[in-house]
Every structure is written in C-alpha cells, then in structure tokens.
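Residue numbers (the working numbering), protein chains in the order written: chain S, 12 to 488; chain X, 12 to 488. Yeah, the Cβ is synthetic: ideal placement off N, Cα and C, and Gly gets one too. Keep in mind it's a predicted model, so treat the numbers as computed, not measured. Below is one structure, written out as structure tokens; comments come after it.
See below:
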C-alpha cells in the first residue's frame with residue numbers, strides 16, 4: 012500500500028528537486044540566444060514527439076531526474092518565445108524573478124481570495140493593481156484586478172459593463188470596436204451572452220486606427236433602428252500593427268452617448284511608463300476600464316493579465332455574491348476582498364509575480380527597457396524602409412511594424428506569394444522568428460519587439476537576415 | 012539612466028535568489044506544524060500590517076534579501092492554509108513539486124495556448140486533462156480543460172451549456188441546483204448572462220442532497236409557465252457538508268428532459284480515485300460536464316481547477332473564434348489547441364503543476380492519501396459523536412462533517428450562541444482551525460479533512476481540543 016506521507020518531500024528531497032530543476036533551467040536559459048528562434052518550425056513534424064506524452068494516468072511514480080530530463084528535451088521543441096529572436100506575435104517575457112515569486116507563492120500556499128484570510132498578502136495584490144491604475148492616471152476609486160491574461164480581462168470588462176449598464180434583457184445591445192480589434196473582444200462578447208451580431212466592426216484609417224465618423228454613424232444608425240449602443244472598445248496597440256485608436260476623441264463620443272469605454276491596451280498599455288507612450292495614449296485615463304497584460308510589456312512569464320477599472324464599485328456590482336460559509340467581507344475602499352470584485356474565488360497568488368520584480372528593480376528599469384523596445388522598433392523600421400520594393404504597411408507607433416513586398420509588374424496575389432516566400436526565408440535562418448498577418452486582404456510581415464532579451468545586436472541580426480533574403484527574393488524576380 | 016539589461020539576472024544572481032527563497036521556504040514549511048493554525052485570528056488587528064504594503068509604484072529597486080525577509084514576515088500573518096491543522100472551509104494543498112513545476116514553466120516560458128507553438132508541452136496539458144476524464148469514466152471524446160479554480164470552471168460550464176443548447180435569446184432559460192450548491196454556480200449564471208431568477212434552488216433532504224421530486228416538480232412548473240428548463244447542476248461534495256446529490260437519478264431526469272447536466276465536484280471529485288468515492292458518485296460519468304479542483308483534493312497549490320466535458324466539441328462550439336494573426340489550428344481530436352476550447356489565449360503552463368507530482372508519485376500515492384482523509388474524517392466524527400448534547404448535523408459522506416450543540420432547556424438561538432462560543436474556544440487553542448456555516452438557519456461547526464499534511468496525530472489534537480472546550484462550554488451551562 013502506497014504511503015500518503017510521500018507527498019511531503021523531505022528537505023533533502025526538496026533541495027535536490029530545486030537544484031536539479033535550476034541546473035537545467037540555467038543551462039537552458041544560457042542557450043536561448045543560440046537556440047533556433049523557432050524550435051517547432053514544422054509543428055506537425057513534432058506530432059510523434061507530442062504523442063509520446065499521451066499515456067494513461069500512471070499508477071506508480073518515476074524518478075524525478077528522469078522526468079526533468081524528459082521535460083527539458085521537450086521544452087526547446089517549441090517556439091522560442093523566451094529567446095531574444097522572438098519578434099513574432101506579441102512576445103512574452105519570462106523574468107526569472109517572477110518564477111521565484113511563483114515558487115514562493117505555491118510553496119507557502121496562503122489564500123488571497125478573501126482579505127481576512129491573508130490581509131497583508133491580499134493587500135500586496137491590491138497595491139500592485141493600484142500601481143497599474145496610477146500608471147493609467149485613474150482616480151483613487153480605481154482598482155486593478157489581476158487575471159491570467161488579456162482574454163480574461165476583456166471578458167471581465169464586458170461582463171462588468173453589461174451588469175452595470177444593461178437590464179436582464181440585453182439582446183438589443185451594441186458593442187463597437189475597430190476592424191483591427193483583438194479577436195478576444197468578440198469572443199468575450201459572445202461568452203458574456205451577447206449575440207454575435209452585437210459586435211459592430213468600425214472601419215479604420217490609413218494608420219489602422221478607428222475612424223471616428225464611422226463610429227458616430229454606426230451609433231446613430233443603431234439608435235434609429237431601436238438598438239442599444241452601450242459599449243465602445245478602443246485598442247491601444249493592436250496585435251496586427253500596434254495601432255492606437257484616437258482615445259481622447261473616443262472618450263468624447265462615449266461621454267456624449269453614455270457608453271462604457273473599454274480600452275484593450277494588453278500590448279500597448281505599459282508604454283505609458285514612457286513619455287512617448289503617454290503622449291500617444293492620451294485619453295486612456297478617461298476610460299471606464301483598461302486591459303493590460305503584464306506578461307507582455309512587463310516581461311513577466313505568461314499568466315498575468317489585468318483589468319483596471321475607473322471605479323471599483325462597478326466590479327463589485329458585477330461580481331459580489333454572498334455565501335454563508337465565507338468569512339466577512341471588508342466593505343472598505345482600501346481593504347479589498349478580491350473575490351468580491353472578480354469572477355474567481357480560490358486562485359493562485361499571482362500578484363507576487365509583479366510585486367517582486369517591480370520592487371527589486373523599480374519602475375525605472377522597466378521604463379528604460381520599454382524605451383529600448385521603442386527605439387529598436389524604429390531601428391528595424393529604418394532598416395526595412397531602405398529596401399527596394401518594400402511597402403511599409405505600418406510604421407511603428409509603439410514597437411510593432413508591418414511591411415510587404417510590392418514588386419512592379421506583379422499583381423497583389425503574386426506579391427503576397429513573394430512576401431510569404433521572403434518570410435519563410437527570413438525565419439529559415441532561425442536567428443529571428445517573425446510572423447505574418449493579413450491586412451485589408453494583403454499578406455504582410457510583422458515585427459514586434461518586446462522581449463526583455465532583445466537588444467540592438469539581435470535587431471542587427473534580424474536586419475542582416477531580412478536584407479540577405481530580400482536579395483534572394485527580389486533578385487529572383 | 013537605468014540599464015534595461017538588469018532584468019536579465021546573471022546566473023549567480025538567479026542562484027542566489029533561489030537559494031535565499033528556498034532557505035526561507037524550507038524554514039517556513041518546517042515550522043508549519045507549530046505555527047498557529049490561524050495566523051490572522053482577528054484580521055482587522057492586522058490592518059496596520061496590511062496598510063504597510065500600500066505605497067506608490069517604486070521608481071528604484073530594493074535589496075532582494077530584504078524584500079524576501081519582509082515577505083516572509085507577512086506570510087504567517089494569515090490563515091495557515093498550508094498547515095496540518097487547517098480543517099477549515101475546503102483546505103488547499105501546496106505540494107512542493109507543483110511549486111517547482113511553476114518555477115520551470117515560468118522560467119522557460121513557452122507558450123501552450125496553441126498546439127503548434129509547443130506541440131509536446133500543450134500535449135502534456137491535454138494528457139493531464141485526459142487523466143481527469145478517465146477518472147470520471149468519460150468516453151474518448153472527452154476533454155479536461157485546466158482553469159485557475161472551480162469558479163472559473165463553473166463559469167465555463169454554464170457558458171458552454173448555454174452556447175450549445177440555447178438560442179441568442181435565452182431570457183426564459185432555467186438552471187436547477189440544490190439549495191446547498193456552491194455560490195459560484197449562481198455567480199457563474201449571472202456572469203454568463205442569465206438573469207438572477209434563472210437559478211432555481213431545489214430543496215434538499217435530511218442528508219442535504221437534492222430532492223428529486225422537487226426537481227421534477229420545478230421543471231414541470233417551468234414548462235407549464237413557458238419557461239425553458241435547460242441545465243441541472245448537481246453537487247458531488249457540497250462545501251457546507253460534503254453532500255452528494257443523487258447523480259444517477261439526476262442523470263435520468265436530465266436525459267428525459269434534455270437538460271445539460273453539470274456536476275460541481277470541485278471538492279469531491281478526486282475521491283473517485285477511491286472505491287468509496289466511486290460508489291458514492293455513481294452516475295457522474297453520465298454528466299455533460301464536471302468541475303474538479305486539483306488545488307483541493309489533489310493537494311496542489313491554489314490555482315488549479317478543471318472543467319471536464321463529455322464531448323470536446325461542445326467546448327469548441329462555445330469558444331472557437333478565428334483570427335488572421337493566429338497560427339493554424341489542428342482540428343485533430345487528439346492534438347488540441349487549448350485556446351479553441353477555452354476562454355483564455357495566453358496563460359500560464361498550468362498543466363505542469365499536475366503532471367510533475369502525478370508522474371513523480373503515481374496515482375497510488377494520491378489514492379492512499381485520499382483514503383487516509385476519508386478515514387480521518389470518520390475518526391473525527393466518532394470522537395465528536397461521543398460528546399454529550401452534540402447533534403451530528405452531517406455525518407461524513409466524504410471528508411466533511413458538521414455538528415452543533417443542542418443543550419436541553421436552551422432555545423435554538425441560545426444553542427447557536429453556545430456553539431459559536433465552543434468554536435471560538437476550539438480555534439483559540441490554535442492547533443486546528445475549524446469554520447462555521449449556517450444550515451437551515453442554525454449555526455454549525457464544520458470539519459473538513461483534506462490537507463496532505465493532516466494525519467492521525469492532528470485529528471487526535473483536534474479531538475482533544477474539541478473535548479476539552481466542550482467541557483468548558485457544556486459544563487458552564
């Protein structure tokens with residue numbers, strides 16, 4: 012008969028497990044710059060490897076070191092999301108401090124869902140949320156709710172807006188967002204109970220920012236037809252091109268039309284730490300709620316999003332439910348019960364992941380890192396712009412740029428194919444990983460500079476590879 | 012000007028941070044048995060301590076060791092949720108292996124939201140989910156989605172049920188659950204867009220299990236009045252008393268009435284690993300979806316819930332949304348893209364927390380631990396039952412029991428007050444922490460045995476304290 016006391020590892024066993032894990036982690040991290048930028052360039056070629064982990068629930072245990080060996084064989088067979096060459100999608104981070112924060116939070120396993128259960132620890136989360144609110148410029152009544160990512164933050168935002176502004180029957184409600192909005196907003200709307208038709212896509216201008224007259228016209232048309240305009244979602248840094256909607260003007264419309272204004276700043280929001288970002292996102296402080304992703308531009312490991320609301324009471328009205336077995340809630344504006352303002356009850360102590368790195372370095376280091384990303388994106392754009400037959404589809408507003416080939420004498424389809432070929436050749440060199448998107452029907456290549464590990468040397472490598480492959484692709488035309 | 016390269020710690024700095032953290036963790040864990048069972052017995056007395064962490068976003072960094080010292084001063088000033096004496100609410104776990112899993116997952120920071128981005132790692136999550144599905148007895152088409160906890164799992168369940176069974180206009184839909192259901196189900200319903208009146212509370216029997224005739228009557232009444240019965244939520248281990256609804260009979264009703272059957276087995280589900288649990292939860296394998304909380308009876312740190320569905324396609328229909336910037340989805344029944352079957356996109360690699368401990372020990376050790384909890388609860392009940400003037404309000408069906416004082420000559424209010432006094436005296440001894448609830452208007456004391464650190468010696472201490480304080484309270488009557 013198995014011994015249940017095995018689950019409590021001895022101090023020696025714990026120490027050995029940590030040592031064996033960190034040894035492999037350090038080796039792995041040291042090799043990141045020389046690992047391929049994409050460890051899974053042809054994912055289906057890894058199908059057998061993936062299937063090798065399919066097995067029934069094991070009845071008996073295995074040696075920990077062998078398990079770690081196996082795991083660290085699997086890890087590099089994936090997009091090198093933590094490496095300096097990851098300029099794809101929106102890069103994640105992976106600050107080691109945050110990993111240690113999770114180690115501590117998990118091992119001590121205190122409960123932060125209710126203030127009374129861990130007053131000081133739950134206050135750390137409220138404080139971290141406050142930092143985010145201050146960064147946005149929100150008033151004292153604001154609250155920063157930590158989620159697992161931007162999708163959950165957008166979902167909580169729409170649910171909160173709905174529960175504060177709409178009656179039980181909200182079938183006629185309309186939500187406006189640009190045609191560049193992240194799909195998690197549309198997804199959030201249907202999960203929150205809205206019909207798919209509730210989301211109205213507003214066309215964008217040459218910079219991929221929401222066209223205000225189109226927004227006003229859509230609202231007018233809906234009012235005329237008896238529908239209920241209720242929410243506008245602005246983007247502060249779209250995934251496709253990093254475009255920032257005209258936040259201040261959208262705030263005017265929202266005020267005039269009494270709409271909830273949500274800003275999806277999952278990617279762009281932390282650039283508010285820089286003067287440039289603050290200037291470009293003017294008006295964000297007038298929103299009712301803002302999504303931020305610390306696992307993007309705060310460089311944390313995946314698993315940290317945030318919804319910051321202007322007025323904590325809107326979260327409370329949406330989420331507070333009483334139960335006879337719960338401890339007393341505080342009802343104090345500063346001593347917040349996280350479960351009262353969130354869809355979650357028991358959950359990880361995820362605030363520590365933000366607290367430890369920010370306390371260890373201070374905002375100054377993060378600000379410097381974000382300024383570096385802005386200037387690296389401009390550097391990349393300068394390099395790309397010099398190339399023949401290249402159209403800069405999106406200049407960097409923050410740290411994303413997008414471009415494509417437009418060779419004379421070729422139609423759009425042929426140029427799309429040539430651009431696709433170019434991208435494959437760039438990525439084939441495995442020093443950087445770039446990803447494509449489709450903009451107004453055209454295939455484009457994106458660069459997003461956001462990893463804390465990406466510095467000037469890697470952008471130089473990116474430009475070398477971009478230029479060399481450009482010669483191959485354009486030369487062969 | 013701050014140096015952005017500071018964010019990449021040197022190997023020495025990483026090693027030192029881990030060493031300093033683990034030294035404090037090991038010391039802390041070793042002291043758990045002798046720490047007070049409740050480090051925050053009067054939460055508001057800790058208000059000054061909590062307020063001491065309120066500060067503006069720091070511009071500059073602080074010494075890491077001083078920060079760790081500060082943190083480890085704060086940690087014990089909370090419910091000792093990780094200690095052996097925590098018999099309150101539903102205890103969490105805190106397996107150290109899971110903490111190491113998070114350390115690894117965070118540090119390597121690969122992306123598991125999309126299969127193609129990390130085929131083998133995302134497959135680990137699918138495999139872990141498969142283990143949960145097998146435990147329930149679900150067919151091959153089932154899928155286990157990992158969430159952050161039971162509240163999110165219940166929310167995803169209701170959204171999935173709604174999007175599979177109901178039209179855009181679902182205002183007339185009705186959801187049935189017992190009057191003992193966890194409040195997260197009602198909360199999930201309103202977050203998912205249902206009016207508060209959509210949730211119908213079905214009365215329970217002497218064992219706090221759903222009364223079937225009352226369920227049938229409620230459905231009939233709703234149909235007669237033109238409402239739309241659509242979902243029944245059964246509990247497999249209520250929070251109040253660990254009661255298990257008659258799952259097999261509820262499955263009959265659900266089949267006959269074409270309702271979605273969801274089982275909230277957040278607390279009880281893992282007892283399916285034991286013969287006793289399997290017998291008591293017969294019929295759970297007929298559900299459409301089941302909530303499980305690995306951070307409860309799998310002893311993981313807070314942050315792991317799961318929603319297991321009978322048919323993965325129901326999750327996909329509810330959650331799949333296309334986007335031009337995402338990699339290709341697999342559309343293969345075994346190679347699952349987590350983001351297609353979940354509200355989340357970027358998020359932590361939380362499957363590793365389950366995989367590592369289960370692979371290191373095998374199910375046998377967890378089964379043995381769960382059997383131990385069942386027998387410890389019976390042991391506690393035997394001790395309590397012997398005491399004079401004690402009413403066993405709920406015998407342990409799994410590992411929860413509830414009791415109160417019923418002294419002759421005292422009315423209910425006086426007995427409630429005396430029971431409350433008794434609880435305060437038990438907890439005052441600080442070797443165990445018990446929590447109360449209200450059952451049919453009466454104040455009762457609960458014991459929930461679920462920590463992997465609770466063994467027979469601690470139940471003996473609990474009974475000593477319960478008996479000694481019983482003499483004080485009853486003797487003074």
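TODO: Quick one: residues in its chain with C-beta nearer than 8 Å to the C-beta of residue 213(S), no 5 flanking neighbours on either side, listed in chain order?
DONE: Counted from its first residue, the first chain places residue 213(S) at position 202. The residues 187, 188, 189, 190, 221, 222, 225, 226, 229, in chain order, have a CB closer than 8 Å to that of residue 213(S) in the same chain once the five nearest residues on each side in sequence are set aside.
Task: Contact set between the segment 20-32 of chain S and chain X, restricted to residues whose Cβ is under 8 Å from the partner - done: 20, 22, 25, 26, 28, 29, 32
Task: Where residue 135(S) meets chain X, residues with beta-carbon distance less than 7 Å - done: Translated into positions along the first chain, residue 135(S) becomes position 124. Ordered by position in chain X, the residues that pass the 7 Å Cβ test against residue 135(S) are 64.
Task: Nearest to residue 125(S) (by Cα), restricted to the options 271(S), 347(S), 35(S) - done: As a working note, residue 125(S) is residue 114 in the first chain. Per the Cα distances, 347(S).
TODO: Indicate whether at least one CB of chain X lies closer than 8 Å to the CB of residue 150(S).
DONE: Position 139 of the first chain, counted from the first residue, corresponds to residue 150(S). So no, residue 150(S) is outside the interface.
- [ ] Mind checking the segment 279-290 of chain X against chain S and listing, in chain order, the residues whose C-beta falls within less than 7 Å of any C-beta there?
- [x] Listed in sequence order: no entries.
Task: Per-residue burial, residue 240(S) [other beta carbons within 10 Å of its own, 16 or more giving buried] - done: Position 229 of the first chain, counted from the start, is the residue given in the question as residue 240(S). Buried, since its Cβ has 16 or more Cβ neighbours within 10 Å.
Open item on the list: Just to confirm the assignment, what range does the alpha helix (DSSP H) spanning residue 39(S) have?
Closed with: On the first chain, residue 39(S) is found 28 positions in, with the first residue counted as 1. Residue 39(S) -> alpha helix (DSSP H) spans 22-42.
Task: Option in 270(S), 219(S), 66(S) with minimal Cα separation from residue 175(S) - done: What you label residue 175(S) is simply residue 164 of the first chain in a count that begins at 1. The residue from 270(S), 219(S), 66(S) with its alpha-carbon nearest to that of residue 175(S) is 270(S).
Task: Contacts that residue 170(S) makes with chain X (C-beta to C-beta distance below 7 Å) - done: Reading the first chain from its first residue, position 159 is the one you call residue 170(S). Per Cβ cutoff of 7 Å: 202.
Task: Bridge partners - residue 275(S), DSSP secondary structure assignment - done: Your numbering for residue 275(S) matches position 264 in the first chain. Answer is 246(S), 302(S), bridged to residue 275(S).
Open item on the list: When you compare the CB of residue 295(X) with every CB in chain S, is at least one pair closer than 8 Å?
Closed with: Along the second chain, read from residue 1 onward, the residue named residue 295(X) stands at position 284. Contact of residue 295(X) with chain S is not assigned, every C-beta pair being separated by 8 Å or more.
Open item on the list: Is there a Cβ of chain X sitting closer than 8 Å to that of residue 11(S), yes or no?
Closed with: Since the first residue of chain S shown is 12 and the last is 488, residue 11(S) is not available in this structure.
TODO: Pick helix, strand or coil for residue 430(X), following the three-state DSSP scheme.
DONE: Stepping through the second chain from its first residue, residue 430(X) is reached at position 419. Three-state result, residue 430(X): helix.
TODO: Inspect the beta-carbon positions of residue 491(S) and residue 319(S) and report whether they are closer than 8 Å.
DONE: No answer is possible for residue 491(S): it lies beyond the span of chain S, which begins at 12 and ends at 488.
Task: Host beta strand (DSSP E) of residue 317(S) (start-end) - done: Within the first chain, the letter at position 306 stands for residue 317(S). Note, residue 317(S): beta strand (DSSP E), 316-320.
Task: Best match in 97(S), 456(S), 194(S), 105(S) for proximity to residue 426(S) [C-alpha to C-alpha] - done: On the first chain, position 415 is the one that residue 426(S) refers to. For the residues 97(S), 456(S), 194(S), 105(S), the minimum Cα distance to residue 426(S) belongs to 456(S).
Task: contact_flag[the segment 440-454 of chain X, the segment 364-383 of chain X] where n(CB pairs < 8 Å) is 3 or more - done: no
Open item on the list: Output needed for residue 116(S): all residues of its chain with C-beta closer than 6 Å, excluding positions within five of it in sequence on either side, in chain order.
Closed with: Your numbering for residue 116(S) matches position 105 in the first chain. Excluding residues within five positions, the ones whose Cβ falls inside 6 Å are 360, 363.
Open item on the list: Run through chain S and tell me which residues come within less than 7 Å of residue 464(X), C-beta to C-beta.
Closed with: What you label residue 464(X) is simply residue 453 of the second chain in a count that begins at 1. Correct list: 19.
TODO: Give a yes or no on whether the C-beta atoms belonging to residue 357(S) and residue 161(X) are separated by under 8 Å.
DONE: Counting from one through the first chain, the residue named residue 357(S) turns up at place 346. Counting from one through the second chain, the residue named residue 161(X) turns up at place 150. Yes, they are a contact pair.
Task: chain S within 8 Å of residue 324(X), Cβ atoms only - done: As a first step, residue 324(X) must be located in the second chain, where it is residue number 313. Not closer than 8 Å to any Cβ of chain S, the Cβ of residue 324(X) fails to qualify, so no.
Open item on the list: Contact between the segment 304-315 of chain S and the segment 97-114 of chain S is defined here as three or more beta-carbon pairs at a separation below 8 Å; is this criterion met?
Closed with: In this structure the segment 304-315 of chain S touches the segment 97-114 of chain S; the number of beta carbon pairs closer than 8 Å is three or more.
TODO: Any chance you could list the beta strand (DSSP E) runs of at least 3 consecutive residues sitting entirely within the segment 407-455 of chain S, in chain order?
DONE: Within the segment 407-455 of chain S, the complete beta strand (DSSP E) segments at least 3 residues long are 411-416, 446-450, listed from N- to C-terminus.
- [ ] Taking C-beta pairs closer than 8 Å, name the residues in chain S that residue 241(X) reaches, listed in chain order.
- [x] By 1-based counting over the second chain, the position of residue 241(X) is 230. Near residue 241(X) there are no residues of chain S at all, since even the closest Cβ is about 14 Å away, more than 8 Å.
Open item on the list: Measuring CB atoms only, is the segment 377-391 of chain X touching the segment 469-481 of chain X, in the sense that at least three cross pairs come out at less than 8 Å?
Closed with: yes
Task: CB contact check: residue 305(X) to chain S, cutoff 8 Å - done: Taking the first residue of the second chain as position 1, residue 305(X) is located at position 294. It does not: the Cβ of residue 305(X) has no partner Cβ on chain S nearer than 8 Å.
- [ ] Look at the alpha carbon of residue 324(S) and the alpha carbon of residue 34(X), and state the distance between them as a whole number of angstroms.
- [x] In the first chain, counting from the first residue as 1, residue 324(S) sits at position 313. In the second chain, counting from the first residue as 1, residue 34(X) sits at position 23. Approximately 41 Å between the Cα atoms of the pair.
- [ ] Taking the CB atoms as reference points, tell me whether residue 103(X) and residue 443(X) lie closer together than 8 Å.
- [x] Taking the second chain and counting its residues from 1, the one referred to as residue 103(X) is at position 92. Taking the second chain and counting its residues from 1, the one referred to as residue 443(X) is at position 432. For the 8 Å CB-CB criterion, residue 103(X) and residue 443(X) do not form a contact.
Task: Assigned exposure category for residue 415(X) - 16 Cβ within 10 Å defines buried - done: Reading the second chain from its first residue, position 404 is the one you call residue 415(X). So residue 415(X) ends up on the buried side.
Task: Reduced DSSP category for residue 90(S) - H, G, I as helix; E, B as strand; rest coil - done: Walking along the first chain from the start, residue 90(S) turns up at place 79. In this structure, residue 90(S) counts as strand in the three-state DSSP scheme.
- [ ] For the beta strand (DSSP E) containing residue 185(S), list its first residue and its last residue.
- [x] Your numbering for residue 185(S) matches position 174 in the first chain. 184-189 is the span of the beta strand (DSSP E), which, as asked, contains residue 185(S).
TODO: Give the secondary structure of residue 83(X) by DSSP, where H, G and I count as helix, E and B as strand, and everything else as coil.
DONE: Position 72 of the second chain, counted from the start, is the residue given in the question as residue 83(X). Helix at residue 83(X).
Open item on the list: What residue range does the beta strand (DSSP E) around residue 213(S) cover?
Closed with: As a working note, residue 213(S) is residue 202 in the first chain. Per DSSP, residue 213(S) belongs to the beta strand (DSSP E) from 210-213.
- [ ] Kindly confirm or deny that the segment 287-304 of chain S and the segment 258-266 of chain S touch, where touching means at least three C-beta pairs closer than 8 Å.
- [x] yes
Task: Residues bridged to residue 459(S) [DSSP beta-bridge criterion] - done: To locate residue 459(S), count along the first chain from 1; it is residue 448. In DSSP, residue 459(S) forms a bridge with 411(S).
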